[in-house]
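One structure is given here, and the rest of the page talks about it.
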Amino acid sequence: MSKHDNETTRREVLIGASCVASGLVLPALVTIRRSEATPATMAAAIRKVVGDAKVKTGKVKLEMPPLVENGNTVQFTVSVDSPMTASDHVKAIYVFNEKNPQPNIISIHLGPRAGRAIVTSRCRLADSEKVIAIAEMSDGSFWSDHVDVLVTIAACVEDGIP
Amino acid sequence: MSSALINVPARAKRGEIIAIKTLISHLMETGFRYDSTGVLVPRNIITDFVCTYNGEEIFRAGFFPAIAANPFMIFYTVATESGTIVFQWAGDNGYSESASAKIVVE
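Taken in order, these protein sequences are the chains called C and U. Residue numbers for the first sequence follow my numbering, so the first one is 1 and each next one is one higher. Residue numbers for the second sequence follow my numbering, so the first one is 1001 and each next one is one higher.
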């Protein structure tokens, strides 16, 4: 388990402190409806995609800002190291999160016609959380990368919609 | 008028890898928010995006509520031949939108 899972880092403390100081930990917190996804439901969602296969670390790179001011729009890029030929290519790319109401973010299907296994999109993040990208290769192997994202203003905390 | 913005290079060399950018106007209502009277706002999102190149599917994405409003995608494809690249989005409540772009491959 990485250091980030257990300990509060100096950076998090500083950011937390600055949020309090600037009044960011707001009444908004009161209106949060508790997120439903948990690391366990994320693990279950990943299991559903990969089955019994082992997910190895490497080949995939998930780029996402480590510190996000607004969780409503967070741009991410997943790039996979693959020649993208008919015999050796990326079949699918999945992105998961652990604390949004649902664990899935996107499922992408591509093939050798892509030429390059790089995709970019934008997601919502309801909390500071871990985001995982998993690539499925044409040989049936799965590879992953993850980013721990710190979100100062979460998605889903808006007051009532008029 | 289409609510989509598409960016595909008008010309490319045969075999060149080109970037395709798409942006479509949609609220992507998550189904997890409440209105001012405390009533849950029903989910209304785009669930499927498909891109075909001269009729052949080259890219497909399934969107979940975690995709931000106005779904944006950048992906790549090999410019194989001149023709039309078609983009289709489908979603909740029978939502359907499409757009297309022409490409000349030399």
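Ideal placement from N, C-alpha and C gives every residue a C-beta, glycine not left out.
For a cutoff of 9 Å on Cβ pairs, would you count residue i as touching chain U?
i	result
Ser107(C)	yes
Pro39(C)	no
Ala44(C)	no
Ile118(C)	yes
Leu26(C)	For Leu26(C), the pLDDT reaches just 42, beneath the cut-off of 50, and the residue's location in the model is therefore unreliable, leaving the point undetermined.
Ala114(C)	yes
Val149(C)	no
Leu67(C)	no
Val74(C)	yes
Thr77(C)	yes
Mind checking residue i: buried by the 16 CB within 10 Å criterion, or exposed?
i	result
Arg124(C)	buried
Lys99(C)	buried
Ser87(C)	exposed
Asp1035(U)	exposed
Asp139(C)	exposed
Asp52(C)	exposed
Val80(C)	buried
Pro65(C)	exposed
Ala44(C)	exposed
Asn104(C)	buried
Output, in chain order, the set of chain U residues within a Cβ distance shorter than 8 Å of residue i.
i	result
Gly51(C)	What Gly51(C) touches in chain U: nothing, since even the nearest Cβ is about 18 Å away.
Leu110(C)	Ile1058, Phe1059, Arg1060 and Phe1075
Run down chain C in chain order and give the residues with a C-beta less than 9 Å from the C-beta of residue i.
i	result
Ile1067(U)	Ile105, Ile106, Ser121, Arg122, Cys123 and Arg124
Val1105(U)	Near Val1105(U) there are no residues of chain C at all, since even the closest Cβ is about 13 Å away, more than 9 Å.
Output, in chain order, the set of chain U residues within a Cβ distance shorter than 7 Å of residue i.
i	result
Pro83(C)	Per Cβ cutoff of 7 Å: no residues; Pro83(C) is ~12 Å from chain U at best.
Could you confirm whether any beta carbon from chain C is found closer than 9 Å to the beta carbon of residue i?
i	result
Tyr1076(U)	yes
Pro1009(U)	no
Thr1084(U)	no
Tyr1053(U)	yes
Taking C-beta pairs closer than 7 Å, name the residues in chain C that residue i reaches, listed in chain order.
i	result
Phe1064(U)	Gln102, Asn104, Ile105 and Ile106
Phe1072(U)	Ser121 and Arg122
Ile1017(U)	Gly115 and Arg116
In chain order, what residues of the same chain lie with their CB nearer than 6 Å to the CB of residue i, ignoring the 5 residues before and after it?
i	result
Val49(C)	Tyr94
Ser1082(U)	Val1104 and Val1105
Ala133(C)	Val60, Leu62, Val78, Val95 and Asp145
Leu26(C)	Because the pLDDT of Leu26(C) is 42, which lies under 50, any placement of that residue in the model is unreliable, and the question is left without a value.
Cys1051(U)	Ile1058, Phe1059 and Phe1087
Ala1090(U)	Asp1048 and Ser1096
Val74(C)	Val68, Cys123 and Leu125
Phe1032(U)	none
Asp5(C)	With a pLDDT of only 47 at Asp5(C), under 50, the local geometry of the prediction cannot be trusted, and no value is derived from it.
Ala135(C)	Val60, Val80, Val90, Ile93 and Trp143
Phe1072(U)	Leu1023
Ser1098(U)	Gln1088
Asn1007(U)	Lys1021
Arg1011(U)	Val1104
Lys54(C)	none
Leaving out the 5 sequence neighbours to the left and right, which residues in its chain are closer than 7 Å to residue i when beta-carbon positions are compared?
i	result
Ala1068(U)	Met1028
Gln102(C)	Ala37
Asn1070(U)	Leu1023, Ile1024, Ser1025 and His1026
Thr85(C)	Pro112
Glu129(C)	Asn97, Glu98, Lys99 and Val149
Can you list, in chain order, the residues of its chain with a C-beta nearer than 8 Å to that of residue i? Leave out the 5 residues immediately preceding and following it.
i	result
Thr57(C)	Trp143, Ser144 and Asp145
### Message
To test your reading of the DSSP string, which unbroken beta strand (DSSP E) runs of 3 or more residues are found completely within the region 65-153 of chain C?
### Response
Listed in chain order, they are 67-70, 74-80, 90-97, 104-109, 118-123, 129-137 and 142-153.
### Task
Please specify which runs of the beta strand (DSSP E), each continuous and at least 3 residues long, are wholly inside the region 43-68 of chain C, giving them in chain order.
If we require 3 residues or more, the beta strand (DSSP E) runs fully inside the region 43-68 of chain C come out as 55-57 and 60-63.
### 3 or more residues per run - each beta strand (DSSP E) lying fully within the region 1064-1100 of chain U
Within the region 1064-1100 of chain U, the complete beta strand (DSSP E) runs of at least 3 residues fall at 1072-1078 and 1083-1091.
### Query
What runs of the beta strand (DSSP E), each 3 residues or longer, lie entirely inside the region 1001-1062 of chain U?
If only complete runs of 3 or more residues are kept, the region 1001-1062 of chain U shows the beta strand (DSSP E) at 1004-1007, 1017-1024 and 1046-1053, in order along the chain.
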